[in-house]
Structures are given as C-alpha cells and as structure tokens.
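Everything in the sequence shown is counted per the UniProt record's numbering, starting at 1 for the first residue and increasing by one.
Cβ atoms here follow ideal geometry from the backbone N, Cα and C, with glycine treated the same way.
What follows is a set of notes on a single structure, which appears directly below.
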Amino acid sequence: MHDPDQYARLSDILVRRMRATPQNPAVQDRRTALDYQELVGKAAALAREMVAGQVHIGDRVFLLIGNSASFAVAFWAIQMAGAVAVPLPVDTPADRLEWMIGDSEPALILAEPGVTVSVAPLWTVEIEQLGDATPPSTYVAPEDLALMIYTSGSTGTPKGVMLSQRAVVTAACSVASYLGYRADDRIFCAIPFTFDYGMHQLTMAALSGASVYAERDFSRPFVSLHTLARSGATVLPLVPTLGALLVQIGKRFDLGGLRIVTNTAAALGTTLIDDLRAMMPGARLFSMYGLTECHRCTYLEPDQLDIRKTSVGKAIPYTRMWVVDDEGNRHEANATGELVIAGDTIMQGYWGRPDATAARLKIRPETGETTFHTGDICRLDEEGYCYFIGRADDILKVRGQKVAPVEVERCLVTHPGIAQAAVLGQDDPLLGTAVVAVVEPAPGATLDPAEVIAYASARLPLPARPVRVQIERGLPRNANGKIDKRAIRLAEPVA
Numbered sequence: 001m002h003d004p005d006q007y008a009r010l011s012d013i014l015v016r017r018m019r020a021t022p023q024n025p026a027v028q029d030r031r032t033a034l035d036y037q038e039l040v041g042k043a044a045a046l047a048r049e050m051v052a053g054q055v056h057i058g059d060r061v062f063l064l065i066g067n068s069a070s071f072a073v074a075f076w077a078i079q080m081a082g083a084v085a086v087p088l089p090v091d092t093p094a095d096r097l098e099w100m101i102g103d104s105e106p107a108l109i110l111a112e113p114g115v116t117v118s119v120a121p122l123w124t125v126e127i128e129q130l131g132d133a134t135p136p137s138t139y140v141a142p143e144d145l146a147l148m149i150y151t152s153g154s155t156g157t158p159k160g161v162m163l164s165q166r167a168v169v170t171a172a173c174s175v176a177s178y179l180g181y182r183a184d185d186r187i188f189c190a191i192p193f194t195f196d197y198g199m200h201q202l203t204m205a206a207l208s209g210a211s212v213y214a215e216r217d218f219s220r221p222f223v224s225l226h227t228l229a230r231s232g233a234t235v236l237p238l239v240p241t242l243g244a245l246l247v248q249i250g251k252r253f254d255l256g257g258l259r260i261v262t263n264t265a266a267a268l269g270t271t272l273i274d275d276l277r278a279m280m281p282g283a284r285l286f287s288m289y290g291l292t293e294c295h296r297c298t299y300l301e302p303d304q305l306d307i308r309k310t311s312v313g314k315a316i317p318y319t320r321m322w323v324v325d326d327e328g329n330r331h332e333a334n335a336t337g338e339l340v341i342a343g344d345t346i347m348q349g350y351w352g353r354p355d356a357t358a359a360r361l362k363i364r365p366e367t368g369e370t371t372f373h374t375g376d377i378c379r380l381d382e383e384g385y386c387y388f389i390g391r392a393d394d395i396l397k398v399r400g401q402k403v404a405p406v407e408v409e410r411c412l413v414t415h416p417g418i419a420q421a422a423v424l425g426q427d428d429p430l431l432g433t434a435v436v437a438v439v440e441p442a443p444g445a446t447l448d449p450a451e452v453i454a455y456a457s458a459r460l461p462l463p464a465r466p467v468r469v470q471i472e473r474g475l476p477r478n479a480n481g482k483i484d485k486r487a488i489r490l491a492e493p494v495a
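As structure tokens, then:
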C-alpha cells in the first residue's frame, strides 16, 4: 500500500522514483523515450526557466500538449516550479480557451509546436532543446494547489476544479495501491492526459516505477492497436468507447501480455465486459467510478464483476462514502439518496465560484470535516458496495414517478444489437415527460425502433419504458469519452 504521508508534494513522487531507479524507462511516445533520470533532468530544466521567467508558487500554467513525453516533462516541471497545472485539450475551441484564460488568468501557457494564442504568454515545449538540471528550491505546502481541471461543461459553464497537492498525491497512492501497478509494468495510455484518469497514469507509474507509453489518440485505430501489441504493454486504461473499438477490431492483434485492464467514465455493460475478458483471458478487469472533484471514488474488483454486475464498487483506500436523504440525513444500507464522499482526495472548491463550491462542499457538524456532495443518486448495500442510479439533475418525472435514465440505458445495452444508449426526456402533452431512447447500433446490426421498444418494455416498469427510439450511427462524446447528451438533437415526435 502506498502511503500518501510519505510525500509532502506531488513532485516528491517523481524525484524519489528517480533516486531509486534512475535508469528505469519512464515515458515514451513515437519519437522520444526518457528514463526517470532524463525525465527529472528535463522537467527540472524547464521548471528553472519558468521560475526565472517569474512564474510564482500558485500561478496557473495552462498545458496545451497532447499525449507525449513532452506533456510528462511539462506537467512535472509545473509541479517542481510550485505552480498549478491546468491541462487542456490541444483542440480546445478558441472561444472556450479565451474564456478560460479570462477566468483563471494563467501566468503562462506551455504548448506543443503549432499551437498559437493571442491573449497570454506562450512557450513552445521542445524537450530535445532542454538540458539537464536539478529541481529548483520551491516550498509548496500539502494544502497548496497542484492541479486545476476544468469540467467538461456538459451541465453548463465549465468550472475549474481545484485539487491540492495532498488530494492528488492521495488519489495516486490510493489507485496505484488497489490496482497493484509494479515496476515492470508498461502502461499503454491513449486516454488523454488532460483527463485526470489519463494524467494519473503518469503519477501512478512514478509511484511504482512503471513506464508509460503515451499514445496521442485512437484516431487511427489499426495503427494504435499495432503499436499496443508491439509495445510490451501490461496495463491498459480504457473508457467504454475504446473498449468497444477493441472488441470490434482488436481480435487480430496479440494482447496476451496485458495483465490489468481498467475502465472509468461510464459503465462497460455486461456484454462488453464478457467480450473483453474473452479477448484478454489473462487480464484482470477493474471497473471504477469517480468525478473530477474527487478523482476516483469507487472500484469494483475483478472477482466481483460477475457477482455484482450493476455495482460501481466500494470506496477506494483513504476515502469514505455514504448516502443521505434530501435533508442531509445519513441513510441506512440499501436506501437510495445522494452520494457523499469524505477524505483527502476531494477538491478544495471551484475556482472563483463560491456559490457553486458551497453547494457541493459541506461541513459535518459532528466532526468538522469537509465532505463532497456529489449530486449522484446511489444506493449502498450492507457491504458498502455502491450502485449508481443517476445524476440528481438528470432524473425524469414520468406519469408522476421518478425515472433514472441510467437504469433504462443499462437495460437497452443488454440488447444484442445495441452498442451504446442515451436516454433523454422530451416534453409530452400527455405524459409530461416522455422517455426517448437514442441508440447506437452494434457493428453489423440493423435495429427496428418498434422491436427495441418491445424489448425494453418487457424488462422495465411502465414509467421507464421508452415511447420513442431514435437510431444514431455514432453518439456524440465529450473529450473524456462520455456520451454528450447536450449535443444530441431529438427528432420532433410524429403526431
């Protein structure tokens, strides 16, 4: 078990790893490979340039670099300088980027070649030009910020989630412990490093002495799978879209070296789980659930996948959770309510948003500790396993009864012809709200909306049954791989 109390700040993880195994491979992309001594030396050189350039402790530094060794160098350099890393997708739209710059006022933007902005200082990171140095002397307290991640904005204006040194260190120690990463592991990561799940592959590798192969994306799936098969990877982080793609085209590649496969962002679904396990019989499949505001918060062990098919797991180490009613009173086991998280992994708040922060972070009167109210409706069983019902603000009211879209979606994806599903509400003069299912066919499948409705109706209570089915060849997704329901356009119902 990794002990977060052994690390006063996030960069201590990397420096300690370098001292222990300096020649161990650290990070590689298609052009560059760095061992831990080289990674620390280049990150320290960039950090010293940043400090000399008047980047101060607590300053925000935007990171506009795709998955690469350059991202790793820049990320660790920001930590060594005592600044706050704000990772953003390279393809962030210009108006959104300008809004974020105005919101958090970065002291600097570190970018890959080809990125341009007009409203903030920008340095292009070319790691082959960086020399070797020792980290600068900067004092950072555990409570100081290490990271700020903007939410995807799927429920409104993006919010900057502020995560302290202690929170990021604790999350890395927790997840690396239950996954069991080892020094001989090689992590193949095509998950964006701008997503905390992707970024933590770097921190967890440093904790354990493993290496990361940074795959920029999966836009050329055959090339990526060929690289994966030849990379010697033993660990593969997934989101459901990558899992589905792997099942579709990955069978021709030898993935027998994988020993750990992880998933987050959304549930895989029982069919996809079965297909992945059949493809990689030697791999242990971990399912996880979390929010940016608290990193991961639950995990389901591989031996529980068949026993608790609909559970998102139990609390990760160093985290506690419970469920409360609408008045904030703690529920007993098996009652449904809002999930509350406590522990050192939770955020400090939303940047410049005191009202939004107060709505989510609350003080427990009896203990004085800060808790995070997730806005997720869940149920905990007697053994502490969590069952996700839906977002509180996603719940539909149909025929006067509450319907959780995720429960309908779980039913729909058991249909052999459906790869993914999104359930939305649509105004209806008779029902108030009508349940509409937007489904993506499985490869080679042809769907009949009437048959899908009949399939769901045989398995769901009356209020939850879809009254309309809309077939889409590809459901829109945000940068983190989650289905973006705000981008779905429902067809007008036929009178």
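Under the three-state DSSP convention, the category D35 falls into: strand
Does the distance from the C-beta atom of S70 to that of E38 stay below 8 Å? no
For A265, tell me which candidate among Q28, H295, L245 and G282 has the shortest Cα-Cα distance. H295
Same chain only: Cβ atoms within 6 Å of R166, ignoring 5 sequence neighbours per side: P142 and D344
May I ask you to verify whether the segment 480-490 touches the segment 457-466, counting CB pairs closer than 8 Å and requiring at least 3? no
Rounded to the nearest angstrom, what separates T155 and P443 at their Cα positions? Low confidence applies here, because T155 scores a pLDDT of 49, under 50, leaving its location unreliable and the question unanswered by this model.
Does the Cβ-Cβ distance between V413 and A437 come in under 8 Å? no
Going by the CB atoms, is the gap between S68 and V86 shorter than 8 Å? no
Which same chain residues end up closer than 7 Å to A74 when comparing Cβ atoms and leaving out the 5 residues on each side of it in sequence? L46, L63, I65, L110 and V125
Contacting residues, own chain, Cβ-Cβ under 7 Å from residue 525 (five flanking each side not counted): The structure shown has nothing for residue 525, since the chain only spans 1 to 495.
By the DSSP assignment, the beta strand (DSSP E) with E440 in it spans what residues? G432 to P441
Would the segment 326-338 and the segment 378-391 be scored as touching if the rule is three or more Cβ pairs under 8 Å? yes
Check whether the segment 30-44 and the segment 337-351 are in contact - that is, three or more C-beta pairs closer than 8 Å. no
For D484, collect the residues of the same chain with a Cβ closer than 7 Å to its Cβ; drop the 5 residues on either side in sequence, then sort them by chain order. S154, P476, R477 and N478
So, using beta-carbon positions, are T234 and R259 closer together than 8 Å? yes
Would you kindly check if the distance between the Cβ of Y181 and the Cβ of M204 is under 8 Å? yes
Let's test the definition: count the other Cβ atoms within 10 Å of the Cβ of L430 and tell me whether it reaches 16, buried, or not, exposed. exposed
Does A263 pass the burial test, meaning 16 or more other C-beta atoms within 10 Å, or should it be called exposed? The question names Ala, but residue 263 in the sequence shown is Asn. By the neighbour-count rule (16 or more Cβ atoms within 10 Å), N263 is buried.
So the beta strand (DSSP E) Q23 belongs to, where does it begin and stop? First-last for Q23: undefined, no H or E at that position.
Kindly confirm or deny that the segment 357-365 and the segment 12-31 touch, where touching means at least three C-beta pairs closer than 8 Å. no
Per DSSP, cross-strand counterpart(s) of N263: L238 and S287
Just to confirm my understanding: we take T270, look at its own chain, exclude 5 residues before and 5 after, and list those with CB closer than 7 Å. What are they? K309 and T414
Spatial distance of W322 from I316 (CA atoms): 13 Å
Could you give the distance in angstroms between the alpha-carbon of D435 and the alpha-carbon of A419? For clarity, residue 435 is Val in the given sequence; the question names Asp instead. Straight-line Cα distance between these residues: approximately 19 Å.
Hey, V27 and S211 are a contact pair by Cβ (cut 8 Å); roughly how many whole angstroms apart? 7 Å
Once DSSP output is grouped into helix, strand and coil, what is the label at G58? coil
For L272 versus G313, is the C-beta distance shorter than 8 Å? no
Can you tell me where the beta strand (DSSP E) with Q401 in it begins and where it stops? Q401 to V403
What three-state label does DSSP hand V84 in the structure shown? strand
How would you call K251, buried or exposed, if buried means at least 16 neighbouring beta carbons within 10 angstroms? exposed
How long is the line joining the alpha carbons of I267 and R186, rounded to whole angstroms? Correcting the residue identity first, residue 267 is Ala in this sequence and not Ile. About 25 Å.
Quick one: what's A422 bridged to in DSSP? V438
P135 beta carbon less than 8 Å from that of M199: no
By how many angstroms is the C-alpha of G432 removed from the C-alpha of V168? 44 Å
Could you check the C-alpha separation between residue 528 and T292 for me, to the nearest Å? Nothing in the structure corresponds to residue 528, since the chain is present only between 1 and 495.
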